[in-house]
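Asks:
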Amino acid sequence: MKKLLLVPLISAVVMSGGICATSAFGRTLDEQFACKSSAHSFIANLINDQSIDPTPIRVEADSVNAFRPSHTTDLTAYGLRVRAVFGYQPGDPFFKPGNGKTSSGPVYGAVVFGSTDSVEALVRKAGGHAEIQQVIPLILSAIVCEA
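In mature numbering (1 follows the signal peptide of the UniProt record, and there is no 0), the protein residues as written are -26 to -1, 1 to 121.
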């Protein structure tokens, strides 16, 4: 499985704003990390139910688009607060293009507050199949689904 370079993307996401207070409206993304969805469906459903802002906060050179959770929704994955969601699907005009070589396959996921080990333990315990990548040691991890 190809290792994503999420550190630049997520560093920008983290620097773009502080931690928001928990809202009364929550949504969990646990089921999405069985990795059976498409990147388009994952992001489109979150935009349609206003769980994320529709405009990407960052587009990486490889066209991976990052989106911030809306101010009215408390997104979680496996009980952990979601800081950002991201996705890209080749040939899908839904995603804004980056200025480099695009990713060869679809990818989607979420960045959560938690160490890689603790996030991986939660995902595996729940039967999730996503890959876990370190973003900021002991602070942020990415839950990643790739084709």
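Even for Gly, the Cβ is constructed at its ideal location relative to N, Cα and C.
Whose CA, out of Gly83, Ser89 and Leu114, lies closest to the CA of Ala13?
Replies: Position 39 of the sequence shown, counting from 1, holds the residue named residue 13. When only C-alpha atoms are compared, the closest one is Gly83.
Asks: Confirm, please, whether the CB-CB distance from Pro30 to Ala18 is below 9 angstroms.
Replies: Start at 1 with the first residue of the sequence shown, and residue 18 comes out as number 44. Start at 1 with the first residue of the sequence shown, and residue 30 comes out as number 56. No.
Asks: May I ask which residues mark the beginning and end of the alpha helix (DSSP H) holding Arg98?
Replies: Walking along the sequence shown from the start, residue 98 turns up at place 124. Per DSSP, Arg98 belongs to the alpha helix (DSSP H) from Thr90 to Lys99.
Asks: In the DSSP assignment, find the alpha helix (DSSP H) that holds Asn19 and state where it starts and stops.
Replies: On the sequence shown, position 45 is the one that residue 19 refers to. Taken as a continuous stretch (DSSP letters only), the alpha helix (DSSP H) holding Asn19 covers Ala13 to Asn22.
Asks: Count the other C-beta atoms from every protein chain shown that fall within 10 angstroms of the C-beta of Gly102, then say buried if there are 16 or more, exposed otherwise.
Replies: Within the sequence shown, the letter at position 128 stands for residue 102. By the 10 Å Cβ count, Gly102 comes out buried.
Asks: In its own chain, which residues sit with a C-beta less than 7 angstroms from the C-beta of Ala1, not counting the 5 before and 5 after it?
Replies: Here residue 1 is taken as the residue at index 27 of the sequence shown, counted from 1. Before going on, a small fix: residue 1 reads as Arg here, not Ala. The answer, listed in chain order, is Ser25, Thr47 and Leu49.
Asks: Since Gly61 contacts Ala35 with CB under 8 angstroms, what's their CB separation in whole angstroms?
Replies: As a first step, residue 61 must be located in the sequence shown, where it is residue number 87. As a first step, residue 35 must be located in the sequence shown, where it is residue number 61. Rounded, the Cβ-Cβ distance is 15 angstroms, inconsistent with contact.
Asks: Can you round the beta-carbon distance between Ala100 and Asp4 to whole angstroms, since I take them to be within the 8 angstroms contact cut?
Replies: The residue labelled residue 100 in the question sits at position 126 within the sequence shown. The residue labelled residue 4 in the question sits at position 30 within the sequence shown. Sure, about 6 angstroms apart at Cβ, within 8 angstroms.
Asks: Can you find the residues in the same chain that come closer than 6 angstroms, C-beta to C-beta, to Glu94, ignoring five residues on each side of it along the sequence?
Replies: Against the sequence shown, residue 94 aligns to sequence position 120. These residues qualify, in order along the chain: Ile106.
Asks: Use the C-beta contact count for Pro43: other C-beta atoms within 10 angstroms, 16 or more gives buried, fewer gives exposed.
Replies: As a position in the sequence shown, residue 43 is number 69, starting the count at 1. Buried, because 16 or more other Cβ atoms sit within 10 Å of the Cβ of Pro43.
Asks: With 16 as the cutoff for other CB atoms within 10 Å, does Ala8 come out buried or exposed?
Replies: Numbered from 1 along the sequence shown, position 34 holds the residue referred to as residue 8. So Ala8 ends up on the exposed side.
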